[in-house]
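Working notes, structure below.
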Amino acid sequence: MLALRQLACPECEEVGSTVAAASSGPFWSRLFDTSDFPARWNCGTWDPTLGWLHIGADLATWAAYLAIPIMLLVVLRRRRQDVPARWLGLLFCAFIVSCGTVHLFEAVIFYWPAYRVAAVLKVITAVVSVVTVFGLARILPHLLELRGPSQLEVEVAARTAALRESELRRAELQHRAERADAAKTRFLATMSHELRSPIAAILGHVELLDDPEHPVDEDELRRGFEAIHRSVDHQLAVINDVLELSKIEAGEIQLELAPLDPNAVVRDAVDIVRMRAERNSNELRVERAVGADWIHSDATRIRQVLVNLLSNAAKFTSEGRIDVAVRVVGERSSEGEIEIEFSVRDTGPGLDAEQCELVFEPYTQARTGDHVQHGGTGLGLPISRRLARALGGDLVLESEPGLGSEFRFTVRARQVPPMEPTEEPRREVARLDGVTVLLVEDQLDLALVASKQLARSGALVTHATSGERALELLGDAGAPFDVVLLDLQLPGIQGDEVLRAARAFGHRGPIVALTANALAERRAACLRMGFDGFATKPLRGPALIELVSANVRGREAA
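Dropping the structure here:
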């Protein structure tokens, strides 16, 4: 203790002894009182160099500690949306400023010994420091979860790749949309031609046959009616193709599975197309399968695909050869399934790789001039491929320009034992003698044709052009009807309303819905409404007579 007092400077001892006796009062009232402390320069033996090193270092530290929070505040102000825990940044700025202020007073004390003010500043700095520590500890887990530059680079690269993939997908979708738009344009052009051409042919032949100034003989009359019949068949085929594709794409196709002989199906398809193939001077050869046993599949759909393929071959091949083959490919599975391959090869003009893809696009034909030269909707092959896939197989094409084309159509089905061929009994045309029919149809031409067809079979037909008139006739107890043929779309009361009203006042006879809507859901909806049957217009004479006869038989059986 004596040694320490010997080191104390005389000025400090003098000030200390004077103030010790005189100093009194609370701390805060003497906060700025410096009378009891000498300036630091006057306390001890300060070398000027050492003193200015202290002062300079403290002032430089204070300046830096002042600049750092200013820059932080600028960042916090301009990037307030991007900075997490902005309050912690402000607290950190206060911590740095308080530390800098302490260093400033360390320099000031060399001239102004305000030790009490310096103590208060140090207490404030201590409090701010402790609060900052707790604040930092609170948010530390979140700060540790912040992504670093390398992680951000990975994420940016991933997002860039995703953006690039999205752009490619958008371009692909745009390309598909453009192709779909082009297909729609082709479809409208094709449908316009395919529907208007047979109508023009029908009108032309009707005008020729109905020209009083140029009467026709019986042979010309027969040929004219045959031409009209062909035009109507063609128009119906076009409409059926469009509806068939719509049903397949909507997943509404229904397979009728039954035992069948693949060789027999091929024979039937060849017989259907043979005349057209030979008309173009083509040789048609069939290679029957050895060991192609009976399978459990849909003979109608298989025949439909084969007829499409054979018709295409006959259409585009002239003075050539068409080979049809059926064979078993692959091994029999443990479930008893085998794969049957049908192939149709022709010596026609052939196609390149791009054209081979186009032929399976709806409403598309491989060559621009094909439609003009050969006609067609461009739906046969798309329908055939979809049917092949529904049958568990596929339809593929191999072709080379100038060397012809080969379509291979596979079917996967369960193998079944052969069945003895049976001859279907010859069905005679039904007679409707004395059967009373109410035909509700607002189209007079259709009603006239249907009435004559039914009358020729012996039916007694009453025609109503509206739902209101039909209800009047049905409500007449003196005029019961055995069968009602009811158009769904009528002026005024619609067909379904007529059905409900007729049932409400006690009519229990068969009521059959007539519509031009051939979609499966329409048929199902009609049966749910309570109709006893469903028929798609136009109805050929035999089909119309059989429809009425079947409902009469059903009523008698009930």
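Read the sequence shown against the UniProt record's numbering and you will find it ends at 558, with the numbers running on by one and no gaps. The beta-carbon is built from N, C-alpha and C at its ideal position, and this holds for glycine as well.
Contacting residues, own chain, Cβ-Cβ under 7 Å from residue i (five flanking each side not counted)
i    : result
T300 : E256
T368 : With a pLDDT of only 44 at T368, under the threshold of 50, the placement of this residue in the model should not be trusted; the figure read from the coordinates follows. Excluding sequence neighbours, T368 sits near nothing in its chain.
F110 : A39, R40, W41, G51 and I55
F32  : A114 and V117
L221 : L209
D442 : T465, S466, D487, L490 and P491
C356 : L397 and S399
S281 : S318 and E319
N551 : V483, P510, V512, D532 and G533
Rounded separation between residue i and residue j - CA only
i    : j    : result
G467 : R540 : 24 Å
V307 : M275 : 12 Å
H142 : G135 : 12 Å
G224 : R196 : 18 Å
T410 : L310 : 15 Å
A543 : K315 : 30 Å
S549 : D433 : 10 Å
E106 : M71  : 24 Å
R164 : F342 : 44 Å
R321 : L284 : 6 Å
Q174 : A201 : 40 Å
Q304 : L208 : 36 Å
V74  : A85  : 16 Å
H374 : A413 : Unreliable positioning characterises H374 in this predicted model, as indicated by a pLDDT of 45, which lies under 50. The coordinate reading is nonetheless provided below. Computed Cα separation, rounded: 35 Å.
T132 : R169 : 50 Å
L490 : V242 : 25 Å
P69  : R138 : 21 Å
K184 : T462 : 44 Å
V266 : E178 : 39 Å
L7   : R80  : With a pLDDT of only 47 at L7, under 50, the local geometry of the prediction cannot be trusted, and the value read off the model is given with reservation. Distance between the alpha carbons of L7 and R80: 56 Å.
L379 : R523 : 24 Å
G392 : G336 : 14 Å
V449 : G530 : 27 Å
R389 : A182 : 26 Å
C526 : V232 : 27 Å
6 Å Cβ shell around residue i - same chain, five flanking residues per side excluded
i    : result
R288 : N263
P538 : none
L124 : The amino acid at residue 124 is misidentified as Leu; the sequence shows Ile. Hits under 6 Å: S98.
F360 : L381, P382 and R385
D293 : Q415
V484 : L438 and I511
L474 : A502 and H507
Member of the options whose CA lies at the smallest distance from the CA of residue i
i    : options                   : result
F481 : I511, A504 and Y65        : I511
A64  : T132, R170, L514 and I96  : I96
L76  : C93, T61, W62 and L66     : C93
D352 : V344, E400, R345 and F342 : E400
R345 : E319, E406 and H103       : E406
L460 : L439, P48 and D445        : L439
R230 : I248, D241 and P198       : P198
L59  : V286, V102 and C526       : V102
R528 : L499, G554 and F505       : L499
V324 : A502, W46 and V286        : V286
N312 : R327, G350 and S297       : G350
L260 : L88, S166, P418 and D476  : P418
E521 : I302, A269 and S246       : S246
N517 : I239, A67 and A57         : I239
F27  : D233, A119 and D217       : A119
Exposed unless 16 or more other CB atoms sit within 10 angstroms - verdict on residue i
i           : result
residue 586 : Given that the chain is displayed from residue 1 to residue 558, the structure contains no residue 586 and the question cannot be resolved.
W62         : buried
L152        : exposed
S334        : exposed
residue 564 : This structure cannot speak to residue 564, because the chain is shown only from 1 to 558.
G495        : buried
V206        : exposed
T347        : buried
Q235        : buried
L395        : buried
D298        : buried
P362        : buried
R553        : exposed
Proximal residues to residue i (C-beta, below 8 Å), its chain only, five neighbours per side dropped
i    : result
V128 : L91, A94, F95 and S98
R332 : I338 and Q415
Q278 : A quick correction: the sequence has Glu, not Gln, at residue 278. Closer than 8 Å at Cβ, skipping near neighbours: L284.
Test: residue i CB closer than 8 Å to a CB of chain C
i    : result
P349 : Going by chain labels, chain C is absent from the structure shown, which holds only one protein chain.
Mind pulling the alpha helix (DSSP H) runs of 4 or more residues that sit fully within the segment 83-136?
86-108
Where are the beta strand (DSSP E) runs, 3 residues long or more, that stay fully inside the segment 329-354, in chain order?
337-346
Identify every run of the alpha helix (DSSP H) within the segment 389-474, keeping only runs that are complete inside it and at least 4 residues long; order them along the chain.
444-456
Tell me the start and end of each unbroken beta strand (DSSP E) in the segment 481-525 that is at least 3 residues and wholly inside, in chain order.
483-487 and 511-515
Which runs of the beta strand (DSSP E) spanning at least 3 residues fall entirely within the segment 191-265, listed in chain order?
258-260
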